[in-house]
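Here's the structure, in structure tokens; my notes come after.
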Amino acid sequence: MQKLAQLDEGKAKKVFATDDPQLCIVEYKDDATAFNGAKKGTIAGKGVINNCVTNHLMQLLESKGIPTHLVEQLSERETLVKRVQIIPLEVIVRNIAAGSLAKRLGLDEGTKLERPVLEYCYKNDALDDPMVNEYHIMAMRFATQEELAVIANYAFAIDDILTDYLQDVGIELIDFKLEFGKTDDGSIVLADEISPDTCRFWDSKTGTKLDKDRFRRDMGGVEDAYQEIRKRLLGR
Ligand code: TMP
Ligand code: ASP
Numbered sequence: 000m001q002k003l004a005q006l007d008e009g010k011a012k013k014v015f016a017t018d019d020p021q022l023c024i025v026e027y028k029d030d031a032t033a034f035n036g037a038k039k040g041t042i043a044g045k046g047v048i049n050n051c052v053t054n055h056l057m058q059l060l061e062s063k064g065i066p067t068h069l070v071e072q073l074s075e076r077e078t079l080v081k082r083v084q085i086i087p088l089e090v091i092v093r094n095i096a097a098g099s100l101a102k103r104l105g106l107d108e109g110t111k112l113e114r115p116v117l118e119y120c121y122k123n124d125a126l127d128d129p130m131v132n133e134y135h136i137m138a139m140r141f142a143t144q145e146e147l148a149v150i151a152n153y154a155f156a157i158d159d160i161l162t163d164y165l166q167d168v169g170i171e172l173i174d175f176k177l178e179f180g181k182t183d184d185g186s187i188v189l190a191d192e193i194s195p196d197t198c199r200f201w202d203s204k205t206g207t208k209l210d211k212d213r214f215r216r217d218m219g220g221v222e223d224a225y226q227e228i229r230k231r232l233l234g235r
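Read the sequence shown against numbering that gives the first Met the number 0 and you will find it ends at 235, with the numbers running on by one and no gaps.
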């Protein structure tokens with residue numbers, strides 16, 4: 000597989016074309032941003048950890064029937080994925096109130112929600128990723144009603160699978176963000192990443208934060224938290 004021209008660069012990853020038009024290569028960076036890029040930094044080793052944690056969790060999801068963009072990991076930082084058109088939505092699932100939901104609804108962080116909450120944000124940095132609902136999404140043609148139903152079903156199924164899996168390694172899945180893409184044949188697959196950058200992971204016993212909130216909130220111990228997640232999930 001030949002790595003060709005860079006197609007795109009985001010805050011945490013670069014995307015490259017390959018000699019197969021259906022495939023591309025994602026390369027994970029150590030760059031970290033928060034608050035839509037207002038805060039910038041580096042988390043040493045993050046790219047390597049997020050690459051292997053994402054692939055590990057995507058393999059788990061594939062084994063449970065969730066289609067993903069994953070093809071194969073190529074190196075510490077690089078993974079071969081299906082080339083998709085990203086649906087411009089951040090799909091957020093929440094089990095416990097934290098972050099922007101706690102703030103918006105005046106809840107203490109850690110408040111258990113009676114049932115999982117699904118939220119959508121329009122992926123648009125210039126607008127600061129505004130929250131949208133199903134009507135906005137259909138009116139803007141970001142996705143059809145049928146596609147949105149598929150996305151919502153996958154999102155809740157992913158929540159169940161990951162919550163169970165993480166419980167066994169002593170991690171509580173507080174909330175997470177997903178992105179989906181459309182392949183050439185129109186089918187929807189999970190894309191992007193599932194990592195401590197895009198999830199809130201709390202130690203089940205102590206409540207210690209093991210995710211990017213340590214960077215967002217200047218809590219220290221950021222690298223250690225990422226390494227702890229890798230250790231619990233991959234055993235190394
Ligand atoms: P929030 O509480 O800040 O809205 O974040 C909800 C979840 O989404 C949390 O697990 C972190 C993740 N997230 C991203 O992956 N990217 C983002 O840009 C934001 C704001 C949150
Ligand atoms: N996506 C946000 C940013 O780029 C980071 C975050 O809060 O996760 O600044």
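All C-beta atoms in this analysis are idealised placements derived from N, C-alpha and C, irrespective of residue type, glycine included. From a predicted model like this one, the values you see are computed outputs, not experimental measurements.
8 Å Cβ cutoff met for residue i and residue j
i: ILE160; j: LEU209; result: no
i: ASP128; j: GLU192; result: no
i: ILE24; j: LYS2; result: yes
i: ALA96; j: LEU112; result: yes
i: VAL92; j: ALA156; result: no
i: ARG231; j: VAL221; result: no
i: GLN226; j: SER203; result: no
i: HIS55; j: LEU233; result: yes
Distance, residue j Cα to residue i Cα
i: ILE173; j: VAL14; result: 29 Å
i: ALA16; j: LEU73; result: 14 Å
i: THR143; j: VAL149; result: 10 Å
i: GLU71; j: LYS81; result: 10 Å
i: PHE34; j: ARG229; result: 25 Å
i: GLN21; j: LYS181; result: 12 Å
i: ALA224; j: LEU104; result: 28 Å
i: GLU75; j: ALA11; result: 15 Å
i: LYS63; j: TYR164; result: 12 Å
i: MET139; j: GLU146; result: 14 Å
i: GLN58; j: THR67; result: 8 Å
i: ILE187; j: PHE179; result: 7 Å
i: VAL52; j: GLY98; result: 22 Å
i: GLN84; j: THR207; result: 36 Å
i: LYS39; j: LYS211; result: 12 Å
i: PRO87; j: CYS120; result: 8 Å
i: LYS28; j: LEU106; result: 34 Å
i: ASP245; j: ALA151; result: The shown model of the chain, from 0 to 235, leaves out residue 245, and the question about it has no answer.
Helix, strand or coil at residue i according to DSSP, with G and I counted as helix
i: LYS45; result: helix
i: ASN54; result: helix
i: VAL149; result: helix
i: THR32; result: strand
i: GLU192; result: coil
i: LEU117; result: strand
i: MET139; result: coil
i: ARG216; result: coil
i: VAL122; result: Val is not the amino acid found at residue 122; the sequence shown has Lys there. Coil.
i: ASP242; result: In the structure as shown, the chain begins at 0 and stops at 235. Residue 242 is therefore absent and cannot be evaluated.
i: ILE65; result: coil
i: GLY40; result: strand
i: GLU75; result: coil
i: ARG235; result: coil
i: LEU112; result: strand
Contact with chain C by residue i, beta-carbon distance below 8 Å
i: GLY36; result: Absent from the structure: chain C. Only one protein chain is present.
Strand pairing of residue i, partner residues [DSSP]
i: ILE170; result: ASP202
i: GLY180; result: ILE85 and VAL188
i: ARG16; result: With the sequence shown as reference, residue 16 is identified as Ala, and Arg is not the correct amino acid for it. Looking at the DSSP assignment, ALA16 forms a beta bridge with CYS23.
i: ASP7; result: VAL14
* Asked: Taking any heavy atom of the ligand ASP as the mark, which residues have a C-beta closer than 5 Å to it, listed down the chain?
  -> So the residues near the ligand ASP by this Cβ test are LYS10, THR32, ALA33, ASN35 and GLY36.
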